[in-house]
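As they're listed, the protein sequences go chains X and H.
In terms of my numbering, the first sequence is residues 1 to 122.
In terms of my numbering, the second sequence is residues 1 to 122.
For glycine and all other residues, C-beta sits at the position ideal for the given N, C-alpha and C.
Everything numeric in this text was worked out from a predicted model, so none of it was measured.
2 protein chains.
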Amino acid sequence: MSATPINLAAKLAQIEQPWSPRVIAELNDYQFKLARLDGEFIWHAHEHTDEAFLVISGRLRIELPDDQQVELGEGELYVVPKGVLHRPIAEHPCEVLLIEPRGVVNTGDEGGELTAANDVWI
Amino acid sequence: MSATPINLAAKLAQIEQPWSPRVIAELNDYQFKLARLDGEFIWHAHEHTDEAFLVISGRLRIELPDDQQVELGEGELYVVPKGVLHRPIAEHPCEVLLIEPRGVVNTGDEGGELTAANDVWI
Chain X
1 MSATPINLAA KLAQIEQPWS PRVIAELNDY QFKLARLDGE FIWHAHEHTD EAFLVISGRL
61 RIELPDDQQV ELGEGELYVV PKGVLHRPIA EHPCEVLLIE PRGVVNTGDE GGELTAANDV
121 WI
Chain H
1 MSATPINLAA KLAQIEQPWS PRVIAELNDY QFKLARLDGE FIWHAHEHTD EAFLVISGRL
61 RIELPDDQQV ELGEGELYVV PKGVLHRPIA EHPCEVLLIE PRGVVNTGDE GGELTAANDV
121 WI
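Structural data, given as structure tokens:
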């Protein structure tokens, strides 16, 4: 008998809409979410939690306070600390794995039209 | 000014010893750990937490109770539920990213010679 692993590429192939994280697994009260990013997101923060970004394909730039930024290529990880303003920018489409507690909204406290439905599984 | 991402391949290149998870980042009270796996581990469980395995290179088989098993290739994720006995087996060397709460010991409640020092960062 075999249990089934979660294939990130196969799950990503099911996602069309950018900036719409989709849950693929849970670890206690944390969630693994895949997302396709394309273009500029908005500045936002998550007041109560750190947020991890692992780039699966492409490149992601995350702008940070004080003119800092971090550039992530494939296989690179960055954890945005709790409460820190950040703005993800994908100059070309990229694919990321997010890890954060269940219930975190993609736009943090900012809201707006890029706010995605939460806890949507694929 | 640039912040520095964590490059998984570069960190893995610093790890020689198999079955010795090394912490590369924290997300709240969770840790990201990289490990090189080679051969058969021991049956064990983590009484208080789920444990996530993401294969970075190679293949990993995880034996589970009732003759179940899961086979993970590169880019595949599996979450072993809290309290479930499991035995990782790498027939050839493989590289994995583990995600679990700070303080989890690799051999769970079993102990033994494969028990690695905990909370060692690279």
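Distance CB(residue i)-CB(residue j) smaller than 7 angstroms
i        : j       : result
X/Val80  : X/His86 : yes
X/Glu110 : X/His48 : no
X/Leu27  : H/Ile6  : no
H/Pro93  : H/Asp38 : yes
Neighbourhood of residue i by C-beta distance below 6 angstroms, restricted to the same chain and skipping five residues each side
i        : result
H/Gln52  : A small correction: the amino acid at residue 52 of chain H is Ala; Gln does not occupy that position in the sequence shown. Once the five neighbours on either side are set aside, the close Cβ partners of H/Ala52 are Val79, Ile99.
X/Glu71  : Arg61
X/Asn118 : Val105
H/Ala90  : Leu37, Asp38, Leu60
H/Leu12  : Leu34, Glu95
Three-state secondary structure (DSSP) of residue i
i        : result
X/Lys82  : coil
X/Ala25  : strand
H/Ala10  : helix
H/Gly39  : strand
X/His44  : strand
X/Pro93  : strand
H/Ala116 : coil
X/Ile62  : strand
H/Leu87  : A small fix is needed here, since residue 87 of chain H is Arg in this sequence, not Leu. Note: H/Arg87 maps to strand in three-state DSSP.
H/Val70  : strand
X/Pro5   : coil
H/Gln31  : strand
X/Glu105 : Looking at the sequence shown, residue 105 of chain X is not Glu but Val. Of the three classes helix, strand and coil, the one that applies to X/Val105 here is coil, per DSSP.
X/Glu110 : coil
H/Ser57  : strand
X/Ile122 : coil
X/Ile99  : strand
H/Glu76  : strand
H/Glu16  : coil
Separation of residue j from residue i, as counted between CA atoms
i       : j        : result
H/Gln31 : X/Thr107 : 24 angstroms
H/Val96 : H/Val55  : 4 angstroms
H/Ser57 : X/Gly75  : 11 angstroms
H/Glu40 : H/Pro18  : 11 angstroms
X/Gly83 : X/His46  : 5 angstroms
X/Thr4  : X/Asp66  : 44 angstroms
H/Asp50 : X/Gly73  : 28 angstroms
X/Ser2  : X/Glu16  : 30 angstroms
Proximal residues to residue i (C-beta, below 7 angstroms), its chain only, five neighbours per side dropped
i        : result
H/Gln14  : Ile122
H/Val120 : Arg22, Val23
H/Ser20  : Ala35, Ala116
X/Leu8   : Leu34, Ile56, Leu97
X/Ile42  : Arg87, Thr107, Glu110, Gly112, Leu114
8 angstroms CB neighbourhood of residue i in its chain, flanking five on each side removed
i        : result
H/Ala10  : none
H/Gln69  : Arg61, Ile62, Glu63
X/Arg102 : Glu26, Asp29, Tyr30, Gln31, Asp119
For this session: With 9 angstroms as the limit, tell me which residues of the stretch 63–78 of chain H have their beta carbon closer than that to any beta carbon of chain X; keep them in chain order.
Result: Leu64, Asp66, Asp67, Gln68, Gln69, Val70, Glu71, Leu72, Gly73, Gly75, Glu76, Leu77, Tyr78
Exercise. Got a sec: which bits of the stretch 23–42 of chain H sit with their beta carbon under 9 angstroms from any beta carbon on chain X, in order along the chain?
Worked result: Ile24, Ala25, Glu26, Leu27, Asn28, Tyr30, Phe32
For this session: Could you name the residues of the stretch 4–21 of chain X whose beta carbon sits closer than 8 angstroms to any beta carbon of chain H, in the order they occur along the chain?
Result: Thr4, Pro5, Ile6, Asn7, Leu8, Ala9
Exercise. What are the residues of the stretch 50–64 of chain X that lie near chain H, defined by any Cβ-Cβ distance shorter than 7 angstroms?
Worked result: Asp50, Ala52, Leu64
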